[in-house]
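Asker:
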Amino acid sequence: MNTKNDVEVIINGKQYTLSGYESSEYLQKIANHINDKIAEFKEQDGYLRLDTEMKNILLAINLSDEYYKALKDSNDIKKENEEMEKEIFDIKHEMLTMQSELDKANEQIKKLAEERQAAKDQVIRLETELGRNKHR
């Protein structure tokens, strides 16, 4: 079982302890992401005039928006991957079918070549026989 990690982080200038089964680096990355979002908001006019609750709601809305957009992108990629896998399967099936048809065609070519050679041999025999009959 994974061990629980406690990591001291600073979010918006205040120290917090994040706990989780993820790595310390991951938990720090989460804190950095939140700090980056807060820094983005601080650049917007009017953000600093909002009360703390509204700032927290704004942060929660934006993080949720990012989450659901990433989830949609992930689902879109999964769907596209499934479609590509089906297309690859269909192409492989088509290739096998074509290979089978090619093998049959090659067998037929070989058979026709043998028949052609047999016909040539027969023509030579008949011409030879005809030549003998003319000389008699």
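Residues in the sequence shown are numbered from 1 upward in steps of one, following UniProt numbering. We treat Cβ as the ideally placed atom computed from N, Cα and C, and that holds for glycine.
Considering only the beta carbon of each residue, do Leu63 and Lys37 sit closer than 9 angstroms?
Answerer: As a working mapping, residue 63 is identified with position 63 in the sequence shown. As a working mapping, residue 37 is identified with position 37 in the sequence shown. The answer is yes: Cβ separation under 9 angstroms.
Asker: What distance in whole Å lies between the Cβ atoms of Asn2 and Tyr21, which are believed to be in contact at a cut-off of 8 angstroms?
Answerer: As a first step, residue 21 is located in the sequence shown; it is residue number 21 there, counting from the start. As a first step, residue 2 is located in the sequence shown; it is residue number 2 there, counting from the start. Yes, Tyr21 and Asn2 are in contact; Cβ-Cβ is about 4 angstroms, under 8 angstroms.
Asker: In chain order, what are the residue ranges of uninterrupted alpha helix (DSSP H) at least 4 long that sit wholly in the region 27 to 108?
Answerer: With a minimum length of 4 residues, no continuous alpha helix (DSSP H) run stays inside the region 27 to 108.
Asker: Considering only their Cβ atoms, is the gap separating Ala31 from Ile61 smaller than 9 angstroms?
Answerer: Along the sequence shown, read from residue 1 onward, the residue named residue 61 stands at position 61. Along the sequence shown, read from residue 1 onward, the residue named residue 31 stands at position 31. For Ile61 and Ala31, no; Cβs fall outside 9 angstroms.
Asker: Nearest-angstrom Cα distance between Val9 and Ala39?
Answerer: In the sequence shown, residue 9 corresponds to position 9, counting from 1. In the sequence shown, residue 39 corresponds to position 39, counting from 1. Distance between the alpha carbons of Val9 and Ala39 is about 16 angstroms.
Asker: For Ser19, report the span of its beta strand (DSSP E) as first-last.
Answerer: Numbered from its first residue, the sequence shown carries residue 19 at position 19. Unbroken beta strand (DSSP E) run through Ser19: 14 to 20.
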